[in-house]
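Reading the sequence shown from the start, the letters are residues 236 to 881 in the numbering used here. Each residue gets a CB set at the ideal place from its N, CA and C atoms; glycine is no exception. Below is one structure, written out as structure tokens, with a few remarks after it.
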Amino acid sequence: MIHIVFIVPYYDMHRDVEEAFQLISSEEEIVHETIVVKPKEEMQLQLDCDVVISRGFTSLYMRSKDILNVELKTTGYDILMAVKRCRETYRCRKMALIGTANMIYGIQNIRDIFEEAEVIHYLTDDRRLLQSNIERACEEGAEAIIGGRASCDIAQSLGIPYTLIRTGREAICEAVEEAVRFVAATRKEREKRDRLKKIMDYSFEGIISTEKNGVITSINKGACSMFHIKEESAVGSHIAALIPEIDIDRVVIYGENMLNELKRVRSRTITLNCVPISGENENSGMVVTCQDVTDLQELEAKIRKKISGNGFVAKYRFENIIYRDKGMEEVIRIAQKFSRDQSNVLIYGETGTGKELFAQSIHNVSSRKNYAFVAINCAALPEQLLESELFGYVEGAFTGAAKGGKMGLFEVAHNGTIFLDEIGDLSAKLQGRLLRVLQEKEIMRLGHDKVIPVNVRVIAATNKNLRKEVEEGKFRSDLLYRLDVLQLKLPPLRERKEDIIPLLKYYIERAELDSVRTLKRFSQDAEKLLISYPWYGNVRELRNFVHRICVLCETETAEEESVRKLLEFAEPEKGTGNGMNGRKMVALDVRKLDMEWSKAEIERMEIQEALEKAGGNRGEAARILRMDRSTLWRKMKRYQIEIKES
236 MIHIVFIVPY YDMHRDVEEA FQLISSEEEI VHETIVVKPK EEMQLQLDCD VVISRGFTSL
296 YMRSKDILNV ELKTTGYDIL MAVKRCRETY RCRKMALIGT ANMIYGIQNI RDIFEEAEVI
356 HYLTDDRRLL QSNIERACEE GAEAIIGGRA SCDIAQSLGI PYTLIRTGRE AICEAVEEAV
416 RFVAATRKER EKRDRLKKIM DYSFEGIIST EKNGVITSIN KGACSMFHIK EESAVGSHIA
476 ALIPEIDIDR VVIYGENMLN ELKRVRSRTI TLNCVPISGE NENSGMVVTC QDVTDLQELE
536 AKIRKKISGN GFVAKYRFEN IIYRDKGMEE VIRIAQKFSR DQSNVLIYGE TGTGKELFAQ
596 SIHNVSSRKN YAFVAINCAA LPEQLLESEL FGYVEGAFTG AAKGGKMGLF EVAHNGTIFL
656 DEIGDLSAKL QGRLLRVLQE KEIMRLGHDK VIPVNVRVIA ATNKNLRKEV EEGKFRSDLL
716 YRLDVLQLKL PPLRERKEDI IPLLKYYIER AELDSVRTLK RFSQDAEKLL ISYPWYGNVR
776 ELRNFVHRIC VLCETETAEE ESVRKLLEFA EPEKGTGNGM NGRKMVALDV RKLDMEWSKA
836 EIERMEIQEA LEKAGGNRGE AARILRMDRS TLWRKMKRYQ IEIKES
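What follows is the structure in structure tokens.
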């Protein structure tokens, strides 16, 4: 039986969904539920099914919660019909498409169909930005809103004309068929894994069978190799000659199983499994399986390698780093030296400077390169979820724990490398657990009382000043000293000006666009402007800028004016290194920037711009800059900025 829950955003779709399930043919019985869900109601759903079908923000939410989900696609034809209905209903010339990127699909190809109408679009995967996007669209002249249920509900509450995008029957039928195929494929994969697990559990290197008196009747090559004996010599001899400590009566007479017992045989440790062979009236003998513990350890390593093949692989190498800057060359040289050592590494760098790129490169040159590289962002998950991901858990450890438990990332990374990004955001509790792992080289799964030894190299990264965090009591000093054995500081892009143009050219050549890329180069004046720009979001911001200008530019050469306009409206993410405290940059006039200006002068200008925007209100200016009022006051005194608070 396949249980499918179809979440629909509006009542009229219910009939089309029912028809789609009537048309589907499957060898298995299909049970389905159709639920009409208003925006945000999906968070209260208690789903017990094989797969969910949903669209828009609901689909994004299901993915974020690791719920098996098939996305109900909105086709270009669906959007086309929505635009047509909107024009006919409101007689409007300018309309705005609002919604998620996964929902508003194919808009680039249909905007030009309507010669007398203009269709603009605002895409976001953050539901919280919908209202601001709608308001912005209206400010830019949109007379009506076209979108999904969430967008239309907001438009209705604001008194703005709206048209709901309706999903066609063909897309609904396709989603139902895909859901059935998806469940079938998932089950096959699960069965395949279960078979493989049983083979791993019950296949051993050495196999011996005996009669009830202990005389060997057969022996495989694995056992012969383990005990250094030829098959013809072994058959007919007593098993006690090979394994003196074996208890034949316990197995054959009393019918007990001996499983996973460790025995010392001829200067080696083996695992021993003995099970009786049942006859008509009594046990007629036994089967012995055994394996060298050393071979088991090698097998464990192979299993971990297999796990690493499921995504825990370092893709990047030092050769992938694009640079001309001498300072960057020195950083790479130091990192290559770190690769040859086994000590923990702490990487400092602002956001977007390539901390994981360096971590992967270090791993791929190290002696651990054939094992897993596991990366996790310590700031991205709640404490309990992060703890279960790092250390694993046993079945029943907490509500919602998977049946059979789960291996933690430290176990997955055994003999390899684990990359802990944003280590400065680790909670005090997890700092203590991580310290124990580094000290004892062992972990304990949640809900378990047994320790598991792990051999893992830790590479941590942060954009915070951890020594300052220690002084403020936010980070453990003993953990810092364990992590900060080898230290690598990555320079921000504004200190690598020689690398800006090569990086721009690299990303232009590799821009992944839905349409043909026109842009090939920047003019000399545009390049000067780009070199002078501070790039507080570093390479990440630069890459996003390239994608943006590739989408918008219709000529082969981007001129200074086009670049300036894009940079003026950008609010690049500012790194937290160099005392920037993670603030968002106030949109500065790039024409005011000079290559020789210091960071202090740029920061002073930011503060002045923020105060001007806030009308002199220091509290509001501090909010814009994302800093404490006391910090703002101190910086105003430092830069001698005098302005009255309104």
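Could you check the C-alpha separation between Gly383 and Ala410 for me, to the nearest Å?
18 Å
Quick check on Glu440: does DSSP put it in helix, strand or coil?
coil
Assign Lys329 to one of three DSSP states: helix, strand, or coil.
strand
Under the three-state reduction of DSSP, which class applies to Tyr741: helix, strand or coil?
helix
To the nearest angstrom, how far is it from the Cα of Arg745 to the Cα of Gln666?
40 Å
Using C-beta distances below 7 Å, list every residue in its chain close to Gly659, excluding the 5 sequence neighbours before and after it, in chain order.
Thr697, Lys699, Leu701, Glu704, Phe710
Is Ala379 near Cys321, with beta carbons less than 7 Å apart?
yes
Cα-Cα separation between Gly457 and Ile443, rounded to whole angstroms
10 Å
Restricting to Cα atoms, I'd like to know which of Ala615, Ile582, Ile735, Arg783 is closest to Ser662.
Ala615
List the DSSP bridge partners of Tyr583.
Thr697, Lys724
Straight-line Cα distance separating Ile766 from Arg775
15 Å
Arg668 to Pro688, Cα distance in whole Å?
14 Å
For Gly403, which residues in the same chain have their Cβ closer than 6 Å to its Cβ, ignoring the five residues on either side in sequence?
Asp313
Check for me: the alpha helix (DSSP H) holding Asp527 runs from which residue to which?
Note, Asp527: premise wrong, no alpha helix (DSSP H); beta strand (DSSP E) at 518-527.
Can you determine whether any heavy atom of the ligand NAD sits closer than 6 Å to the C-beta of Lys308, and answer yes or no?
Absence of the ligand NAD is noted for the structure shown, with no ligands found whatsoever.
Going along the chain, which residues of its own chain have a beta-carbon closer than 7 Å to the beta-carbon of Met297, five neighbours each way excluded?
Val287, Ser289, Asn304
On a CA-only basis, which of Ser367, Phe608, Phe633 is nearest Leu620? Give me that one, please.
Phe633
Residues bridged to Met493 (per DSSP)
Cys509
Which value, in whole angstroms, describes the spacing of the CA atoms of Phe645 and Leu625?
6 Å
If you run the structure through DSSP and keep just helix, strand and coil, what is Val774?
helix
Cut-off 8 Å between Cβ atoms - residues of its own chain near Leu673, not counting five sequence neighbours on either side:
Asn579, Val693, Leu714, Arg717, Leu718
Reduced DSSP category for Ala469 - H, G, I as helix; E, B as strand; rest coil:
helix
Assess contact between the region 719-726 and the region 553-571, defined as three or more Cβ pairs (one per stretch) separated by less than 8 Å. Is contact present?
yes
Simplified DSSP state of Ala229, which is helix, strand or coil:
Residue coverage of the chain in this structure runs from 236 to 881, which leaves residue 229 outside it and unanswerable.
Ala610 lies in the alpha helix (DSSP H); which residues open and close that run?
Premise fails: Ala610 lies in the beta strand (DSSP E), 608-612, not in any alpha helix (DSSP H).
Status (buried if at least 16 other CB within 10 Å, exposed otherwise) for Gln526:
buried
State the DSSP-derived secondary structure class of Arg756, mapped to helix, strand or coil.
strand
For Glu730, the residue or residues it bridges with in DSSP:
According to DSSP, Glu730 bridges with nothing at all.
When DSSP labels each residue in this structure, what does Gly334 get in the three-state scheme?
strand
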